[in-house]
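First comes the structure, then the notes that go with it.
Next comes the structure, spelled out in structure tokens:
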């Protein structure tokens, strides 16, 4: 029995050694897999953290675009250089076309504070040289709209003066009439005028709001400029 026991002991030792080796191999594989997974997770976190803020910052920069502001002196210099370039030829001056400056001039040419009288006279010659028929049509349409707007304003002012004068005459004739008749006639007209003013102010755009703030003299200046633009572009037709 002792010999058999002695023979059995080395077999059990060998078996236990094999089992320990397999366990170590499995643990080693598990450690390798876990490290690989952790590394991949870390890479994903770092990539996501770096990539997400960049497009948001770019979008914010694209949304915030500053408005184009031109110096009246620079605009006048642009037109004077164009005039010399036109009179003296291509070799006379180093004038270059600037689309932003042209768009700014067309957009603000009716504003006296931004485009003075001397600049506006040169601008009329510049507009005659435009080759794009679509651009010329847009300018004519804008000038026509502004001229008609002033004529409507002028007619409305005349009606108001006529109404006020007629009301004064009626008040003189109706001094001895009943007070109740006077109170019944005046508030209805005032209410109607308030409603019409509110509906007009809601439908006005930025340009109309600016024009509304001008006094009669500046409105008249804008009307004269619109007339000059229409006369200049219509006379240049061939």
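In our numbering, the protein residues as written are 77 to 314.
Backbone N, C-alpha and C define an ideal beta-carbon position, used for all residues, glycine too.
Of the residues the options, the one placed nearest residue i, counting alpha carbons only
{"i": "residue 188", "options": "232, 294, 307, 305", "result": "294"}
{"i": "residue 151", "options": "164, 194, 161", "result": "194"}
{"i": "residue 227", "options": "305, 192, 149, 296", "result": "296"}
{"i": "residue 208", "options": "221, 229, 175", "result": "175"}
{"i": "residue 159", "options": "200, 221, 148", "result": "200"}
{"i": "residue 233", "options": "304, 291, 198, 204", "result": "291"}
Residue i classed as buried or exposed, judged by whether at least 16 other C-beta atoms fall within 10 angstroms
{"i": "residue 219", "result": "buried"}
{"i": "residue 224", "result": "exposed"}
{"i": "residue 236", "result": "exposed"}
{"i": "residue 305", "result": "buried"}
CA-to-CA distance, residue j to residue i, given in whole angstroms
{"i": "residue 286", "j": "residue 171", "result": "33 Å"}
{"i": "residue 308", "j": "residue 216", "result": "10 Å"}
{"i": "residue 179", "j": "residue 196", "result": "14 Å"}
{"i": "residue 165", "j": "residue 302", "result": "30 Å"}
{"i": "residue 310", "j": "residue 186", "result": "18 Å"}
{"i": "residue 273", "j": "residue 146", "result": "In this prediction, residue 273 has a pLDDT of 49, which is less than 50 and means its spatial position is unreliable; nothing more can be read from the coordinates."}
{"i": "residue 221", "j": "residue 206", "result": "20 Å"}
{"i": "residue 299", "j": "residue 192", "result": "15 Å"}
{"i": "residue 229", "j": "residue 163", "result": "41 Å"}
{"i": "residue 214", "j": "residue 153", "result": "25 Å"}
{"i": "residue 202", "j": "residue 155", "result": "8 Å"}
Enclosing alpha helix (DSSP H) for residue i [first to last residue]
{"i": "residue 163", "result": "148 to 164"}
{"i": "residue 53", "result": "The chain is shown from 77 up to 314; residue 53 falls before or after that span and cannot be answered."}
{"i": "residue 206", "result": "Here residue 206 belongs to no alpha helix (DSSP H), and DSSP marks it neither H nor E."}
{"i": "residue 180", "result": "175 to 184"}
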